[in-house]
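Residue numbers (the working numbering): 124 to 492.
Glycine included, C-beta positions come from ideal geometry on N, C-alpha and C.
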Amino acid sequence: MSTRDLYTSGRQDLSWQVPATGAARFSWEYDEGRERLLNLYQKGKDKQWDGARRIDWDLEVDPLDPLGTPDDAMSIYGTRYWDRMSAAERGELRKHYTSWQFSQFLHGEQGAMVCAARIVESVPDLDAKFYSATQTMDEARHAEIYGRFLHEKIGMLYPINDNLQALLGDTLRDSRWDMPYLGMQVLIEGLALAAFGMIRDTTDKPLPKQILAYVMQDEARHVAFGRMALRDYYKQLTDAELREREEFVIEGCYLMRDRLRGVEVLTNFGIPLKEAEECSERSEYLQLFRQLLFSRIVPCVKDIGLWGKRLQQAYVDMGVFEMGDSNLDQLMAQDEEIAEKLDAERFAAEERERVAEVSEAIASGAADA
124 MSTRDLYTSG
134 RQDLSWQVPA
144 TGAARFSWEY
154 DEGRERLLNL
164 YQKGKDKQWD
174 GARRIDWDLE
184 VDPLDPLGTP
194 DDAMSIYGTR
204 YWDRMSAAER
214 GELRKHYTSW
224 QFSQFLHGEQ
234 GAMVCAARIV
244 ESVPDLDAKF
254 YSATQTMDEA
264 RHAEIYGRFL
274 HEKIGMLYPI
284 NDNLQALLGD
294 TLRDSRWDMP
304 YLGMQVLIEG
314 LALAAFGMIR
324 DTTDKPLPKQ
334 ILAYVMQDEA
344 RHVAFGRMAL
354 RDYYKQLTDA
364 ELREREEFVI
374 EGCYLMRDRL
384 RGVEVLTNFG
394 IPLKEAEECS
404 ERSEYLQLFR
414 QLLFSRIVPC
424 VKDIGLWGKR
434 LQQAYVDMGV
444 FEMGDSNLDQ
454 LMAQDEEIAE
464 KLDAERFAAE
474 ERERVAEVSE
484 AIASGAADA
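Next up, the structure:
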């Protein structure tokens, strides 16, 4: 089935062209480079994996309850719209919400792949080019996996959110080589990581938990790469140059907080836009979710040296300033540990099955004898 047939919007334009600016930079300096970046590059090579094999695609997914989302997590829960829905309609709503969330993940991962390729092209240092090349492959794998999940398990896609597309476009159109790092790896991927983590830690469904855990294991390296590169570079910038980047961060954070709410889902169910926005604003679950979205962004922004007064005040206004003291390294270490634990549990179960099969074959042979 064509992807076009799966989109909720029948007139979806399946192509988007962004005029590219900026220089392609080559380095003829083939020295050893920065040890910490090369270590990350080695880790990026060692940790490559195949999404067709590492993920158990035979696991069943109920499209009407893909994530096990509780009723009170639905933004219209407790409203007249929810009360007059049948069980089947509530299942459809869950399907649409999951499709919307994972569609934005999919579109974001393709954006990350393009931005990583842009970094390979534009970053001046060869060690950074090496690592970015491994990240480009990671992002391609993530897009492949989210696309497969939506096609095979949900059977529905949503178009990219207008505001996510706007931030991605601003990131790609900027000629400065550091902006794909800042726009994609700090803002968009930082926000995505928090969303991935919240779903990974709350869902009781094994397939989406696997997908999110393994993707987050890769993303832990990507965030580390962005922090290294930008921390080094931003030490060299003037106050005016730093303020320009802080303004970009402020605008992007407000955009993502205020506009990524899944209102498109509610309007597809016939709820007027104004009421859909009010339901999203009142939802306690969404309020918590919007705050947690910044759990990866705020400490990362602070770590790379963007912490001027106006940026700090913006985070105070959003109620997320205290997140600047979060231990980002610990969060990333937990992401890796969770994926490794899932692997260990899965391999142990497979080993038990093989042992049982061998024991059964031996017992059957003995009985025949």
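Name the two residues that bound the continuous alpha helix (DSSP H) containing residue i.
i, result
"W89", "Residue 89 lies beyond the residue range present for the chain, which begins at 124 and ends at 492; the question has no answer from this structure."
"E183", "No alpha helix (DSSP H) holds E183; DSSP gives it neither H nor E."
"F228", "210-245"
"H265", "249-271"
"K464", "451-491"
"G391", "It should be noted that the sequence gives Asn, not Gly, for residue 391. Looking at the DSSP string, the run of the alpha helix (DSSP H) that includes N391 is 386-391."
"Q410", "407-415"
"N162", "158-169"
"Y438", "432-441"
"P422", "420-426"
"A175", "174-177"
"T131", "Segment: none, T131 is in no alpha helix (DSSP H) and carries neither H nor E."
"L290", "285-296"
Should residue i be labelled buried (16 or more other beta-carbon atoms within 10 Å of its own) or exposed?
i, result
"W151", "exposed"
"L273", "buried"
"A220", "Reading the sequence as shown, one finds Tyr at residue 220 and not Ala. By the neighbour-count rule (16 or more Cβ atoms within 10 Å), Y220 is buried."
"V439", "exposed"
"G250", "Residue identity check: residue 250 is Asp in the sequence provided, not Gly. D250 comes out buried."
"W139", "exposed"
"P395", "exposed"
"P303", "buried"
"E468", "exposed"
"Q308", "buried"
"R354", "exposed"
"K332", "buried"
"V386", "buried"
"S482", "exposed"
"L137", "exposed"
"F149", "exposed"
Could you give the distance in angstroms between the alpha-carbon of residue i and the alpha-carbon of residue j?
i, j, result
"A200", "S406", "Reading off the sequence, residue 200 comes out as Tyr, not Ala. Approximately 8 Å, taken between the alpha carbons."
"A210", "D194", "11 Å"
"A318", "I311", "11 Å"
"G320", "Y204", "29 Å"
"K170", "T326", "25 Å"
"A363", "M339", "34 Å"
"Y357", "G313", "19 Å"
"E369", "Q165", "32 Å"
"Y269", "G488", "45 Å"
"F371", "H345", "20 Å"
"M279", "G292", "25 Å"
"M260", "A239", "9 Å"
"L129", "A175", "22 Å"
"A347", "A196", "32 Å"
"L216", "S298", "41 Å"
"G349", "A486", "56 Å"
"V237", "D206", "43 Å"
"T144", "T294", "11 Å"
"R147", "P247", "Residue identity check: residue 147 is Ala in the sequence provided, not Arg. The straight-line gap from Cα to Cα measures roughly 9 Å."
"L429", "G393", "43 Å"
"L451", "R366", "23 Å"
"E183", "K276", "8 Å"
"T390", "A315", "23 Å"
"L163", "V388", "39 Å"
Would you say the beta carbon of residue i is closer than 7 Å to some non-hydrogen atom of the ligand ATP?
i, result
"Q435", "The ligand ATP is not part of this structure, which contains no ligands at all."
- prompt: Are three or more beta carbon pairs between the stretch 223-241 and the stretch 284-294 nearer than 8 Å?
  reply: yes
task: Go through the stretch 304-361 residue by residue and report every complete run of the alpha helix (DSSP H) that reaches 4 residues or more, in order.
output: 312-325, 329-357
message: Can you confirm whether the stretch 179-189 touches the stretch 238-246 when touching is taken to mean that 3 or more C-beta pairs between the two stretches lie within less than 8 Å?
response: no
message: Does the contact criterion of 3 or more C-beta pairs under 8 Å hold for the stretch 410-424 versus the stretch 373-389?
response: yes
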